[in-house]
Structures are given as structure tokens and as C-alpha cells.
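Which chain is which? The protein sequence lines are A and B, in order. Heads up: the first sequence begins at 63 in the numbering used here, then just goes up one per residue. Heads up: the second sequence begins at 1448 in the numbering used here, then just goes up one per residue. Note that the Cβ used here is the ideal one computed from N, Cα and C, for glycine as well. This report refers to the structure that appears directly beneath it.
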Amino acid sequence: MAQFIDRRLNGKNKSAVNRQKFIRRFKSQIKKAVTDAMSDRSITDLERGEKINIPARDISEPVFGHGPGGRREGVHPGNTDFISGDRFSRPPGGGGGRGGKASNSGEGEDEFSFELSREEFLDLFFEDLELPDLVKTQLAKQVRFKMVRAGHTSSGVPANLNVIRSMKKSIGRRIATQSPYRRRLREAEEELARLLLSESETSPRVIALREEIARLKARIAAIPFIDTFDLRYNNRIKQPQPTTQAVMFCLMDVSGSMDESKKDMAKRFFTLLYLFLTRNYERVELVFIRHHTIAKEVDEEEFFYSRETGGTVVSSALQLMYDIIKERYSTSDWNIYGAQASDGDNWTDDSPVCRDILINAIMPCVQYYAYVEITEESHQGLWREYLTVKRACPSFAMQHITGPADIYPVFRKLFQKKAA
Amino acid sequence: MARQVLSETSEWTFDLLNDYHREIARVAAHYKLDTYPNQIEVITAEQMMDAYSYVGMPVGYTHWSFGKQFLSVEQRYRRGHMGLAYEIVINSNPCIAYLMEENTMMMQALVIAHASYGHNSFFKGNYLFRTWTDAESIVDYLLFARNYIAECEQRYGADEVEAVLDSCHALMSYGVDRYKRPARLSLEEEQKRRVEREEYLQSRINDLWRTLPILGKGMEKQAEEHFPAEPQENLLYFIEKNAPLLEPWQREIVRIVRKMAQYFYPQRQTQVMNEGWATFWHYTILNRMYEEGLLSDGFMIEFLQSHTNVVYQPPYDSKYYSGINPYALGFAMMSDIRRICEHPTEEDKQWFPDLADSDWVKSLDFAMRNFKDESFVAQYLSPKLIRDLKLFAVLDDEADNQLEISAIHDERGYQYIRQALAEQYNLSTREPNIQIYNVNRRGDRSLTLRHLQNNRRPLNDDADEVLKHLARLWGFTVRMETVHEDGEVEMTHECRKG
């Protein structure tokens, strides 16, 4: 006799540990794929996982087997017009005497692809940034929801039962379903009263009427006082917790000296700031400003991928930022953040101008302003002027960056402030 | 006698499963199928994917390769490239079969007939399974293996354990003694004997290496003693017993992988028979139930649709062709044996004098018990079936720049095709014949393997990688010599170490 066992409620993630082992084992390949994926993504696009392709060769498990060549014989079905002794050249692609065996092995052999979940993806992305774990959890957490009332539903848990609504329904239903019987009952009773004036108790019509009245009363009594059909429950739905809005200004120097690797570093810096902001604000707008000698507001695509040459006047970008703030983002409605990436080059006479714009115009408006200087050379005028700004304004952060691991310290204070 | 059909809709319930199972068991008993008791588990699609990635073990140790398997199954399933197999069955006592929640009632009945009666009776009856696997203790052993490996990871680090497992997996198909009957395994004994074995082995290995060269006059001339005395085909066993530098726990892991290899060894050799047998029985049992009036017409049509999908054999020039479908060949052969027993033609009487007009249930049972794919094809592939499948043989010789059709389904070709197809299922021609030939005990302790070439076929490109794994386990240089068919020996691969 067989035994049937219902295992459906048992855990289904038996393979989770093996999956983790797989990811750990091929971390370097997967990370490369993550980095590539990141450079193709927009910096706002962090809410999904990623399909990862890694070369199948890297993860194959070798076993002894026969290579091509030698003499082999294969038996196949479905002969149509061969007769023994027929000779013909090797079909193309079968290659090197793989011969009769259908060459179906070509498919899927070069790439092994699978999905990384959003958490796994962010985890790998954060890895070189050397974020403390606390920050990682803060960043990776999903949007917070609040339960709000949203009318009533006909199904729910007993705790949410709305008694008043349910009773209203019950009364309505009872009135509706009883009314034909009640009408007939009223008529019968009136008729009985009339009959009793003229006839005695024992007359057959009186007995028949009395029976009908009894039957109708039973019918009325049989209609339930409350039915599952009447029940109404308070309905609650999830609503994203309303938080205030923020705007993030991305400023980048696009003069000839900013090469691809510097831009990539800048992109990571902007991405990280964006992530911080999306965790704290429901709505984050981005403004991209790039500059060489003159500044221009552009979209993200142009911001990262087009390049120009020429000198550098940083103050042009700061001035544009200030103008945009005045025009579109009033400080009473918006939390404003600034992020600037540059290689530190600036036209010498311009640096004091930058300092003045920052201290007098921009810093009073913004919550936080972060500056990163991506360079291997020694600091120039801009850095020195910015040091003055830093002394004057507590919410100004600056950092000299040589690798991705240097990015996080810029945000230290920002994060601490939010966590407190 | 007209009976009530068991159910009309495609919904299943546990009560219905019980009803169907009762009837299937009754019909199976009528055909004298001898099975282990059944344990039938209902699982979800996700759980099926888990079961899948453990290559059909109910519990398994953790390793990244199972994760890789899982990811690829999941990916293909989600994209809809592949339906999940509707059954997984485990050779254990009681025999565990999985039913997927999403299946219709028809599918559940099909799986119960196919797995719990077809495969189950095959596991219990076939000589390879009887010899190489022990259904009583496999689940216990797997549990022991998983716990042991988890313990090793705790104690020696996950990376260390992973390295040993990787190397063992590379050699997994060389972990079986083909000509020796293995001892039975059981959880208690395993644990009891493990400690003793570790100590004993370690002492023996030291013994083996104690004959250090004492350089003296006349010593060089002494003919070098060959070790091992006979070439060894079971590479993992040899490593487990003789590798000089392995720690006791590493030997135990080698042993675990070797036992797994042994457990799966019969399955690799009986695919056609096993699937053919199970398919034949689900077909026969359900048809019988239909004749008895237990199944509705709708059920039968749905059933026949799945059944024909399973046994479809695309011809060689179809884009769906990927070799011979073991379900198709196995089912056709099993059905053909029944036909020969019941309605033999003159040709059949000539080819199968013993089979013609015998009791088909007995004859099939005999075939199931005493053969593996290779010998089964060699014994039972009939001329009629060769004609029906239009089989033909293609000879592909590297020395010849053209392919040649060596035989087709005609009078002259039957024997030839039967032999060629049997050879195609012969494990020793499918996999290269590699043996441990010599250990240099007096010099660099290097290990020499020999690849006995068959039909001039060389090793594949993985050979170097596999040798690296072997060298990791052995601890010293490993070489591979290829023995050509004319007896000439050539050193083809080497992995230096130490």
C-alpha cells in the first residue's frame, strides 16, 4: 500500500545554499558582469535584478571523454533513401568527424546565463565601495509602506469585521427577502379577521387560513438573522509612505582631461548619492549639469556619454545650478543636494569665484554638497578654495578619490545624520 | 463488466489519488509487478526544481555544481523553454516518487503507474540495481554524507572541502569497480567503522611509502616492482586507499563521492530499458483500466496525447533530432517483445525461437531482470523494429574523407545494426578506457595512467583539466599515456606537481 505525503508546505528553498555557493565560487566573473551591467544602466535604475551571462567555459566541470577523431559508428532512425555502401561528404558543421551524431551540442555552450535578484545585485555592486553593513541594509531596504483605510470589502479577517456595516446589510437583506411573505401574511391575517366575523372557528376556510399563517411565520423565521453574505470588513491597503521630495544636482567636468575611467568613478559616486536619497525621499529628481568653459543642463545619456574638449570654468556650472534652484526648486518645497565630480582642473582666476558662489549662494540652499576630485596629480587651486568652503559650511564634504573604495567616506556624515 | 469511471474532471484530490492508486496497484499485481512499497509525495514546482538539481537524490550534500544546475533549470523553466519532467523517482525502499501539484488527475495517474510501478519494479528486479545499489540504506547514507560534509566544512573550511569535491566530481565516472561486487552500505556501520578505517588507512599508507630507496650496490639492477600489480580501473578507490598526502577526512569525502557514483552507475547503463519498461507499464496499466471502464474517454485522450509526445522519435534529418530517444526505443522494444510472444511471425520464430509463443509477462520479466541496455539491444532488437524505426548505421572514420552508410534496415543489415546499436550503449566504448598503470615509488612518486585507445579515438580537451584534479588528490605529478591500438605507447598529458 502506498503512503501519500503532502510536502507542499515544506520549505522550497533547498537549493538556496547551493545557489549561494555558486555565486561565491564565480564571484569574480559575476562581478565583472555586474560592473558591465552597471555601466549600461541608468543611475536611477536600481530596483531590479540583473540577468548575468558568464562564459560557460569558466564554469564547466571537466570529465574524461572522447574528443573528435578516430573511427566511430552511429545508428540513426528515419532512413529515407540511403542504401548500404552510400558514401557522401561530412555535413558542414559536424566538424572533425563528430560525424553522424547530430550536432545539437553547439547550442547554449558558450554562455551560462541566470538571474541575480536585486539584493544579490546590489550586494555585489556595493562590494568594492566598502560600505559598512549598516549602510548596506539601509540602502537595500525596500520602500516603506503605510496601511491606510480604503473602504470596505466582503472578505477579510474577523478582527477587521465592521459590525455596523454588516448589520445594515443584514437588515436590508432581511427586509428584501421577507417582504413577499410579510405582505401575504398581512393579507391572510386581514382575511382571517374578516372571516371570523361571519364564520366559526371550525369552518374549513378558517382552518386553512390559520395553517397558511403558521407556515408563513415559519418561513419568515427561517430567514437567518445574519448571513456570511452580509459581512463587511474594513479594508486597508498599503500606500508608500509619503516623504518629502528631493532634487539632486549632478555636476561634472567634461573637459578633455576627464577620461572614461574617471567618468565611471563619477558615475558610481552619483549612483551612490542617488541611492541614499531614494531611501530617504519618496521622490528624487535629477538635474545633470556638465561644463567645460560654459555649463549646460543635459539629460543623463548626454551627461555620461558625450565628451568635449576645452578649458574649464567651474563657476559656470555653479552659477547655472544656482539659477535652476531659484527658478524651479524653491527651498521650501525641495530638499536640495549637490554632487560634483571633477579632476580638479580649473582656470586659476575662477576658483575664488567658485568659493564665493558656494558660500554665499548655494550652501544656504542645499542640505548637503559633496565634491569628489578624481585625480592622480597634486591638488590645484580649486581644492584649496574648497577647503575654505568646508571650514565655513558643515554640510560640505569633499574627498580625493583614486579608487571606488574612496567614494563612501564622502557620504559618511550624510548617512550618520539620517540614521540619528 | 461496466464499472463506474473514477473521475470526470481533471482536478485531483487526495481521495482520488488513493482511488486511482488502489486500481493501478491492483492491475500491476495482476501483471505480477514486484515492487518496493511506495511513498508518493506531492510537491510544488519550486520543490520539483530543487529535486531536479540534486540529480534525483532526496537529500544531498551542498556543492556549487548543484547550484549551477538549479540556476539553469530555473532559468529555462521561467522562460518556458522547458516543462519540468513530470516525475522524479528515487531508487530507495520505500520507493519515493514525486507528484507535482500542478499536474492534472490524468498526469498524476500516469506518474503513479510510470514511476511507482514501472521504475519501482525495475529498481527492485534488475540485476544491475540489485548488485550495485542498496535501496534499503541509500537515504540513510545520503544523510550521513550530507552531515559529514557539512561537518568538514565547519572544521576545515568550505574552500578546502569544495576543492576536494571538485576533484572527485571530475573523476566520478571512474569510481566504480565494474567487475567486483560492492559491499552493502548502511548508516550505522558507516559511522561505526569510519574512525577505525581512517586510522587503519593512514597507517597502511605510511607502510606503502616506507620502502624508501636505500642506495646500495646492486639495487639499481633489481627489477622495479610494479605497483599496482594489476592496472586499476577504479581511480577514486585507488586514490582513497593509496594517495599519500590526503588527510583522513579527505579520504572519507573521496569515498562518499565514490559511493554516489556507484549508486548512479546502474542508471547510466539502463536508461533505455528503465524508461522503456516504465513507459510500457504505464501504457499497459492505464489501457487495461480503460478497458475495465474505470477511465473516461477524455482521460484517455489526454493520456494518449502525453504518451505519444513522450515516445516520439524524430527522424535523423529533423531539426528536433538529438539522438535516439530512450523512451521511444525502450517502449518500442518492450512492446515488440510482447508482440513476438503473442503474435509471432515466421521471421520472429526464426530470430527468437524461445520467445515466440511464450507467456509474455514472464518473458518480459526475464528481460527486465537480466539485461542492461547494451545486452538488451543485442538480444532483443528485432528485424521488424529495425524496419519500423528505419534504422541505419553511419561509419565515420577520420582516415576517410567521406562518411559511409555501413548498413540499413534490410536483410543484410539487421545483425550489423543490432550490434552497432548495442555498441552505442556500451559504457566502455562510450567513455574512454583509462586505468591506473603505475606508481613510481622509488623516484618522484608520480602516478601514470594509461588510456587504452578504442577505434583511434583521442581524449577530449578536458583531459588536462581532469589530470590537474587528479594531481591535486594524488599530491604528486600525474601522467597520462595513450596506448594505441597497435600497442605503441605515447605520453600524451602531464600535470607536474611537487
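Can you check whether the CB of cysteine 455 of chain A is closer than 9 Å to the CB of tyrosine 431 of chain A? Counting from 1 along the first sequence, the entry for residue 431 of chain A is found at position 369. Counting from 1 along the first sequence, the entry for residue 455 of chain A is found at position 393. Contact: yes.
Integer Cβ distance of valine 1841 of chain B from isoleucine 1852 of chain B, believed to fall under 8 Å: The residue given as residue 1841 of chain B occupies position 394 in the second sequence. The residue given as residue 1852 of chain B occupies position 405 in the second sequence. That belief holds up - the Cβ atoms of valine 1841 of chain B and isoleucine 1852 of chain B are roughly 6 Å apart, short of 8 Å.
Since arginine 149 of chain A meets chain B, which of its residues come closer than 8 Å, beta carbon to beta carbon? Walking along the first sequence from the start, residue 149 of chain A turns up at place 87. Neighbours of arginine 149 of chain A on chain B, chain order: Gln1849, Leu1850, Glu1851, Ile1852.
Is it true that the CB of proline 1905 of chain B sits closer than 9 Å to the CB of proline 130 of chain A? The count along the first sequence starts at 1 and reaches residue 130 of chain A at position 68. The count along the second sequence starts at 1 and reaches residue 1905 of chain B at position 458. For proline 130 of chain A and proline 1905 of chain B, yes; Cβs fall inside 9 Å.
Would you call the CB atoms of lysine 324 of chain A and aspartate 407 of chain A closer than 9 Å? In the first sequence, the residue the question calls residue 324 of chain A occupies position 262. In the first sequence, the residue the question calls residue 407 of chain A occupies position 345. Result no, Cβ atoms of lysine 324 of chain A and aspartate 407 of chain A do not sit closer than 9 Å.
Alpha carbon of isoleucine 1537 of chain B to alpha carbon of arginine 1473 of chain B, nearest angstrom: Along the second sequence, one-based indexing puts residue 1537 of chain B at 90. Along the second sequence, one-based indexing puts residue 1473 of chain B at 26. Straight-line Cα distance between these residues: approximately 22 Å.
Mind pulling the chain A residues with CB within less than 9 Å of valine 1502 of chain B? Locating residue 1502 of chain B in the second sequence gives position 55, where the first residue counts as 1. What valine 1502 of chain B touches in chain A: nothing, since even the nearest Cβ is about 12 Å away.
Output, in sequence order along the chain, the residues in the stretch 118-136 of chain A whose CB is closer than 7 Å to any CB in chain B. Ile121, Glu123, Pro124, Val125, Phe126, Gly127, His128, Gly129, Gly131, Gly132, Arg133, Arg134, Glu135, Gly136
Inter-residue spacing [alpha-carbon to alpha-carbon] between lysine 163 of chain A and glutamate 1941 of chain B: Position 101 of the first sequence, counting from 1, holds the residue named residue 163 of chain A. Position 494 of the second sequence, counting from 1, holds the residue named residue 1941 of chain B. Low confidence applies to lysine 163 of chain A: its pLDDT is 39, below 50, so where it sits in the model is not reliable enough to give any reading.
Output yes if chain B places a C-beta closer than 9 Å to the C-beta of phenylalanine 88 of chain A; else output no. Taking the first residue of the first sequence as position 1, residue 88 of chain A is located at position 26. Chain B, which has a Cβ nearer than 9 Å to the Cβ of phenylalanine 88 of chain A, makes this yes.
Just to confirm before moving on: does the CB-CB distance between methionine 327 of chain A and isoleucine 351 of chain A stay below 9 Å? As a position in the first sequence, residue 327 of chain A is number 265, starting the count at 1. As a position in the first sequence, residue 351 of chain A is number 289, starting the count at 1. Taking 9 Å as the Cβ cut-off, methionine 327 of chain A and isoleucine 351 of chain A do not qualify as a contacting pair.
Please state whether the Cβ-Cβ distance between glutamate 364 of chain A and histidine 354 of chain A is less than 9 Å. Position 302 of the first sequence, counted from the first residue, corresponds to residue 364 of chain A. Position 292 of the first sequence, counted from the first residue, corresponds to residue 354 of chain A. Result no, Cβ atoms of glutamate 364 of chain A and histidine 354 of chain A do not sit closer than 9 Å.
Selection of the stretch 1504-1516 of chain B by Cβ proximity to chain A, strictly under 7 Å: Thr1509, His1510, Trp1511, Ser1512, Phe1513, Gly1514, Lys1515
Return the CA-CA distance between glutamate 1870 of chain B and phenylalanine 1823 of chain B, expressed in angstroms with no decimal places. Translated into positions along the second sequence, residue 1870 of chain B becomes position 423. Translated into positions along the second sequence, residue 1823 of chain B becomes position 376. Computed Cα separation, rounded: 11 Å.
Taking contact to mean at least 3 C-beta pairs separated by less than 8 Å, is the stretch 461-468 of chain A in contact with the stretch 1515-1523 of chain B? no
Let's see if you can read the secondary structure: which residues bound the alpha helix (DSSP H) around threonine 1895 of chain B? The residue labelled residue 1895 of chain B in the question sits at position 448 within the second sequence. From DSSP, threonine 1895 of chain B is part of no alpha helix (DSSP H) but of the beta strand (DSSP E) over 1894-1899.
Within the stretch 86-165 of chain A, ranges of the beta strand (DSSP E) (whole runs, at least 3 residues): 112-117, 133-138, 149-151
Confirm, please, whether the CB-CB distance from arginine 1892 of chain B to proline 1691 of chain B is below 9 Å. Sequence index remark: in the second sequence, residue 1691 of chain B carries index 244 (1-based). Sequence index remark: in the second sequence, residue 1892 of chain B carries index 445 (1-based). Cβ distance < 9 Å, so proline 1691 of chain B and arginine 1892 of chain B count as in contact.
In chain A, which residues lie with their C-beta within 9 Å of the C-beta of phenylalanine 1461 of chain B? Walking along the second sequence from the start, residue 1461 of chain B turns up at place 14. Per Cβ cutoff of 9 Å: Phe66, Asp68.
Quick one: any contact between the stretch 1784-1796 of chain B and the stretch 1810-1828 of chain B, if contact means 3 or more CB pairs under 8 Å? Using a Cβ-Cβ distance cut-off of 8 Å, the stretch 1784-1796 of chain B and the stretch 1810-1828 of chain B are in contact, since at least three pairs of beta carbons, one from each stretch, lie closer than that value.
Between lysine 1819 of chain B and chain A, is the shortest Cβ-Cβ distance under 9 Å, so that the two count as touching? The residue given as residue 1819 of chain B occupies position 372 in the second sequence. With 9 Å as the cut-off, lysine 1819 of chain B does not count as an interface residue toward chain A.
Please name the residue or residues paired with threonine 355 of chain A in a DSSP beta bridge. The residue labelled residue 355 of chain A in the question sits at position 293 within the first sequence. According to DSSP, threonine 355 of chain A bridges with nothing at all.
Between the C-alpha atoms of glutamate 438 of chain A and methionine 320 of chain A, what's the straight-line distance to the nearest angstrom? Position 376 of the first sequence holds residue 438 of chain A. Position 258 of the first sequence holds residue 320 of chain A. C-alpha separation (whole angstroms): 12 Å.
How long is the line joining the alpha carbons of arginine 92 of chain A and isoleucine 116 of chain A, rounded to whole angstroms? Reading the first sequence from its first residue, position 30 is the one you call residue 92 of chain A. Reading the first sequence from its first residue, position 54 is the one you call residue 116 of chain A. Correcting the residue type first, residue 92 of chain A is isoleucine in the shown sequence and not arginine. Rounded to whole angstroms, isoleucine 92 of chain A and isoleucine 116 of chain A show a C-alpha spacing of 7 Å.
Leucine 1557 of chain B burial status per 10 Å Cβ neighbour count (16 or more: buried): As a first step, residue 1557 of chain B must be located in the second sequence, where it is residue number 110. So leucine 1557 of chain B counts as buried.
Only counting the same chain, and skipping five residues up and downstream in sequence, which positions put a Cβ closer than 6 Å to that of glutamate 1488 of chain B? Position 41 of the second sequence holds residue 1488 of chain B. Short of 6 Å from the beta carbon of glutamate 1488 of chain B, and not among the five residues preceding or following it, lie these beta carbons of its own chain, in chain order: Tyr1545.
How is the beta strand (DSSP E) around cysteine 1542 of chain B delimited, first residue to last? Along the second sequence, read from residue 1 onward, the residue named residue 1542 of chain B stands at position 95. Where cysteine 1542 of chain B is concerned, the enclosing beta strand (DSSP E) stretches over 1542-1547.
Could you tell me the boundaries of the beta strand (DSSP E) in which arginine 1926 of chain B lies? On the second sequence, position 479 is the one that residue 1926 of chain B refers to. Residues 1925-1930.
Can you find a CB in chain A that lies within less than 9 Å of the CB of aspartate 1857 of chain B? Start at 1 with the first residue of the second sequence, and residue 1857 of chain B comes out as number 410. Yes - at least one Cβ of chain A is within 9 Å of the one on aspartate 1857 of chain B.
Buried or exposed: where does glutamine 1494 of chain B fall if 16 or more other Cβ atoms within 10 Å of its Cβ makes it buried? Here the question's residue 1494 of chain B lines up with position 47 in the second sequence. Answer is buried; the Cβ neighbour count reaches 16.
Express the C-alpha separation of isoleucine 1471 of chain B and glutamine 1451 of chain B in angstroms, rounding to a whole number. Translated into positions along the second sequence, residue 1451 of chain B becomes position 4. Translated into positions along the second sequence, residue 1471 of chain B becomes position 24. Approximately 15 Å, taken between the alpha carbons.
Terminal residues of the continuous beta strand (DSSP E) containing threonine 1726 of chain B? Reading the second sequence from its first residue, position 279 is the one you call residue 1726 of chain B. Judged by DSSP secondary structure, threonine 1726 of chain B falls outside any beta strand (DSSP E) and instead within the alpha helix (DSSP H) spanning 1718-1738.
Beta carbon proximity, serine 457 of chain A to chain B, threshold 9 Å: As a working note, residue 457 of chain A is residue 395 in the first sequence. For serine 457 of chain A, not one C-beta of chain B is nearer than 9 Å to its own C-beta.
List the residues of chain B whose Cβ lies closer than 9 Å to the Cβ of arginine 294 of chain A, in chain order. Reading the first sequence from its first residue, position 232 is the one you call residue 294 of chain A. Residues of chain B passing the Cβ test: none, with the nearest at roughly 32 Å.
Which residues of chain B have a Cβ atom closer than 9 Å to the Cβ of glutamate 173 of chain A, listed in chain order? Taking the first sequence and counting its residues from 1, the one referred to as residue 173 of chain A is at position 111. Under the 9 Å cutoff, chain B gives no residues; its nearest Cβ is about 11 Å from glutamate 173 of chain A.
For a test of the three-state rule: what should DSSP assign to cysteine 1942 of chain B, helix, strand or coil? Residue 1942 of chain B sits at position 495 when you count from the first residue of the second sequence. Cysteine 1942 of chain B falls in the strand class under three-state DSSP.
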